[in-house]
Amino acid sequence: MENNFSLLSLFTGDWMTVFVSLVLVVFSVMSWAIIVEKIRLWRAFKKNPPKIKPTDNLSVIVDKLIRPFDKNLWFLSMVAYISPFIGLFGTVWGVMDSFAAIGVNQSVSIGVIAPGLAVALGTTALGLIAAVPAAIAHQYFAKKSDDLYERLDEVRRELKSKK
Numbered sequence: 059m060e061n062n063f064s065l066l067s068l069f070t071g072d073w074m075t076v077f078v079s080l081v082l083v084v085f086s087v088m089s090w091a092i093i094v095e096k097i098r099l100w101r102a103f104k105k106n107p108p109k110i111k112p113t114d115n116l117s118v119i120v121d122k123l124i125r126p127f128d129k130n131l132w133f134l135s136m137v138a139y140i141s142p143f144i145g146l147f148g149t150v151w152g153v154m155d156s157f158a159a160i161g162v163n164q165s166v167s168i169g170v171i172a173p174g175l176a177v178a179l180g181t182t183a184l185g186l187i188a189a190v191p192a193a194i195a196h197q198y199f200a201k202k203s204d205d206l207y208e209r210l211d212e213v214r215r216e217l218k219s220k221k
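Here the sequence shown stands for residues 59 to 221, numbered as in the working numbering.
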């Protein structure tokens, strides 16, 4: 018995399966671009932290410093939250397609049902492939950003109390 399912079938099927698959791939690629950007940003910050003088307006500096670290975290959160649902929608669509194939072929054989179910489960997998790295990255980078903000705010309070 040979396995005829491939990821390519997610992009050559009916228009809805192709649309769902493309959305999930785009979300995944964009998430990975943000993840790589954040890794580079944190490495650069670690190698060359900004110099802060006691005369600087620390509230403004803290806000300016944190902004790049928080940038696009909302997108990672959104992908983590919504991608499994988009994948689930693709699954439901694929199951409906399988039932339609049963009606057209007047047959309930595994050969009629399996292709639609395989594609359906493929969209579920794509949803998870997009969501899991985005969820992990969002939590990781949000925590790092929060920790940095706390440290900077602590320094700001200390410098303010010394004036």
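By construction, the Cβ of each residue, glycine as well, lies at the ideal position given by its N, Cα and C atoms.
Quick check: the Cα distance between residue i and residue j, rounded to an integer number of angstroms?
| i | j | result |
| --- | --- | --- |
| Val213 | Ala183 | 45 Å |
| Leu179 | Thr149 | 6 Å |
| Val177 | Gly152 | 6 Å |
| Glu216 | Lys202 | 21 Å |
| Ser135 | Trp100 | 19 Å |
| Leu206 | Lys104 | 11 Å |
| Pro107 | Gln197 | 23 Å |
| Ala200 | Gly185 | 22 Å |
| Ile168 | Ala102 | 55 Å |
| Phe77 | Phe147 | 11 Å |
| Gln164 | Ser156 | 12 Å |
Leaving aside the five residues before and after residue i along the sequence, list all residues of the same chain whose C-beta is less than 8 Å from its C-beta, in chain order.
| i | result |
| --- | --- |
| Pro191 | Ser86, Ser89, Trp90 and Ile93 |
So residue i packs on residue j, CB below 8 Å; how close in whole Å?
| i | j | result |
| --- | --- | --- |
| Thr75 | Leu68 | 6 Å |
| Asp211 | Val137 | Actually they do not touch by this definition, with Cβ atoms about 29 Å apart. |
Please name the residue, chosen from the options, that lies closest to residue i on a Cα-to-Cα basis.
| i | options | result |
| --- | --- | --- |
| Leu131 | Ile194, Ser117 and Val120 | Ile194 |
| Ala189 | Arg125, Ala102, Ala172 and Ile144 | Ile144 |
| Ile187 | Val78, Pro142 and Pro126 | Pro142 |
If you drop the 5 nearest sequence neighbours on each side, which residues of the same chain put their C-beta closer than 6 Å to that of residue i?
| i | result |
| --- | --- |
| Val162 | none |
| Gly71 | Val177 |
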